[in-house]
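Only one structure is covered here, and it is reproduced in the block below.
In the numbering used here, the protein residues as written are 1 to 289.
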């Protein structure tokens with residue numbers, strides 16, 4: 001029975017985790033949700049606030065849970081937090097914590113475009129984290145997501161903010177494309193990966209059915225508003241990303257955006273046996289605005 005499962009979620013205050021926790025709570029699944037920051041608690045949920053995920057404070061609470069879903073990661077570096085610290089070292093700590101707690105299932109969100117051939121710092125850190133998980137001996141499912149979108153994801157918030165200002169700026173040509181996937185589909189897939197043996201020791205692209213150019217996405221998202229859409233020189237955007245930590249785009253944000261990374265949606269559809277929500281249809285209906 002689904003309700004007999006107990007699942008641990010790290011990074012509980014993040015976008016994916018908030019939506020996942022709500023969905024699992026509605027399924028009456030017991031949750032142990034951990035975050036550095038405070039967050040709204042759902043039913044059937046035990047909330048753990050831990051600034052450093054100290055083992056002494058967490059281990060006894062999560063022992064013998066059915067799965068751990070690791071959703072902590074960073075996509076932008078700073079002096080205080082870099083990719084090695086969070087995406088590699090911290091993931092390794094969580095893997096070891098999982099083993100000590102005798103949790104046999106580990107679910108991880110990596111990134112679309114991660115491969116042994118990458119030269120991108122963000123992807124290298126995610127690839128190394130993947131290898132730690134694969135070599136751990138745990139039953140794992142690694143998802144490589146494209147943009148996961150919903151009403152409160154970071155990309156949607158950014159576009160809403162620009163619409164309020166009356167102008168959206170597109171870096172470069174805007175003809176680069178991506179495969180966004182709807183958050184409501186993502187949470188269903190993650191639960192499947194906990195419950196179903198066919199997800200055992202798999203690496204799966206987490207991508208939607210539609211390939212959409214950045215320009216197309218922005219135009220559909222802002223349709224019906226009086227927003228001005230303007231293309232800006234890519235060199236200028238990169239310069240801002242390199243020299244200004246508060247810029248709208250980080251260097252690796254831009255690298256990923258213009259990388260035209262594509263995933264295998266057919267494989268995802270076959271293993272999940274789901275009917276996916278078209279993000280194009282969501283955009284046309286205005287349901288993301």
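Note that CB positions come from ideal geometry on N, CA and C, so glycine has one too. Predicted model, so just to flag it, every value in this text is computed and none were measured.
List the whole-angstrom C-beta distance separating residue 150 from residue 109, where the pair is believed to meet the contact cut-off of C-beta under 8 Å.
-> Along the chain shown, one-based indexing puts residue 150 at 150. Along the chain shown, one-based indexing puts residue 109 at 109. That belief does not hold up - the Cβ atoms of residue 150 and residue 109 are roughly 15 Å apart, past 8 Å.
Using DSSP bridges, identify the partner residues of residue 68.
-> For this step, residue 68 is matched to residue 68 along the chain shown. In DSSP, residue 68 forms a bridge with 8 and 106.
Between residue 155 and residue 209, which are expected to be in contact by the criterion C-beta below 8 Å, what is the C-beta distance as a whole number of angstroms?
-> Taking the chain shown and counting its residues from 1, one reaches residue 155 at position 155. Taking the chain shown and counting its residues from 1, one reaches residue 209 at position 209. The Cβ separation is near 18 Å, so there is no contact.
Would you say the segment 15 to 25 touches the segment 48 to 62, given that touching needs at least three Cβ pairs under 8 Å?
-> no
So is residue 153 buried or exposed if we call it buried at 16+ other beta carbons inside 10 Å?
-> As a first step, residue 153 is located in the chain shown; it is residue number 153 there, counting from the start. Burial call: buried.
Would the beta-carbon of residue 229 fall within 8 Å of that of residue 186?
-> The residue given as residue 229 occupies position 229 in the chain shown. The residue given as residue 186 occupies position 186 in the chain shown. No.
Check the DSSP bridge columns for residue 33 and list the partner residues they point to.
-> Within the chain shown, residue 33 is the residue found at index 33, counting from 1. Looking at the DSSP output, residue 33 bridges to 9 and 47.
Neighbour-count burial assignment, residue 130, 16 or more Cβ in a 10 Å radius | Residue numbering aside, residue 130 sits at position 130 when the chain shown is read from its first letter. Looking at its Cβ environment, which holds 16 or more other Cβ atoms inside 10 Å, residue 130 is buried.
What does residue 207 pair with, by DSSP beta-bridge criteria?
-> Here residue 207 refers to the residue found at position 207 when the chain shown is read from its first residue. Its beta-bridge partners do not exist; DSSP assigns none.
Reduced DSSP secondary structure (H/G/I, E/B, other) of residue 141 = Within the chain shown, residue 141 is the residue found at index 141, counting from 1. Three-state result, residue 141: strand.
Among 180, 233 and 104, nearest to residue 112 - alpha-carbon criterion = Here residue 112 refers to the residue found at position 112 when the chain shown is read from its first residue. Answer by Cα proximity: 180.
In angstroms, rounded to a whole number, what distance separates the CA positions of residue 1 and residue 30?
-> Taking the first residue of the chain shown as 1, we reach residue 1 at position 1. Taking the first residue of the chain shown as 1, we reach residue 30 at position 30. With a pLDDT of 45 at residue 1, under the threshold of 50, the predicted position of this residue should be treated as unreliable, though the coordinate-derived value follows. Distance between the alpha carbons of residue 1 and residue 30: 12 Å.
How would you label residue 77, buried or exposed, when you count the other beta carbons within 10 angstroms and need 16 or more for buried?
-> Residue 77 sits at position 77 when you count from the first residue of the chain shown. That one is buried.
Pick from 201, 282 and 260 that is closest to residue 223, judged by C-alpha positions | For this step, residue 223 is matched to residue 223 along the chain shown. Considering only alpha carbons, the answer is 282.
Beta strand (DSSP E) runs contained entirely in the segment 132 to 197, provided each spans 3 or more residues = 139 to 145 and 167 to 171
Within this structure, are the beta carbons of residue 75 and residue 248 separated by less than 8 Å?
-> For the purposes of this step, residue 75 is taken as the residue at position 75 of the chain shown. For the purposes of this step, residue 248 is taken as the residue at position 248 of the chain shown. Result no, Cβ atoms of residue 75 and residue 248 do not sit closer than 8 Å.
Under 8 Å between C-beta atoms of residue 172 and residue 220 = Your numbering for residue 172 matches position 172 in the chain shown. Your numbering for residue 220 matches position 220 in the chain shown. Cβ atoms of residue 172 and residue 220: not closer than 8 Å.
Segment contact flag, the segment 41 to 52 with the segment 80 to 91, C-beta cutoff 8 Å, min 3 pairs | Flag = no, the segment 41 to 52 and the segment 80 to 91 do not touch.
Could you check which residue in 105, 126, 250 and 263 has the C-alpha nearest to that of residue 193?
-> Residue 193 sits at position 193 when you count from the first residue of the chain shown. Among 105, 126, 250 and 263, the Cα nearest to that of residue 193 belongs to 105.
C-alpha gap between residue 85 and residue 269, whole angstroms = Taking the chain shown and counting its residues from 1, the one referred to as residue 85 is at position 85. Taking the chain shown and counting its residues from 1, the one referred to as residue 269 is at position 269. Computed Cα separation, rounded: 34 Å.
Cβ neighbours of residue 118 in the same chain (closer than 8 Å, five flanking residues each side left out) | Here residue 118 corresponds to residue number 118 of the chain shown, with the count starting at 1. Closer than 8 Å at the Cβ level, and outside the excluded window around residue 118, lie 124 and 127.
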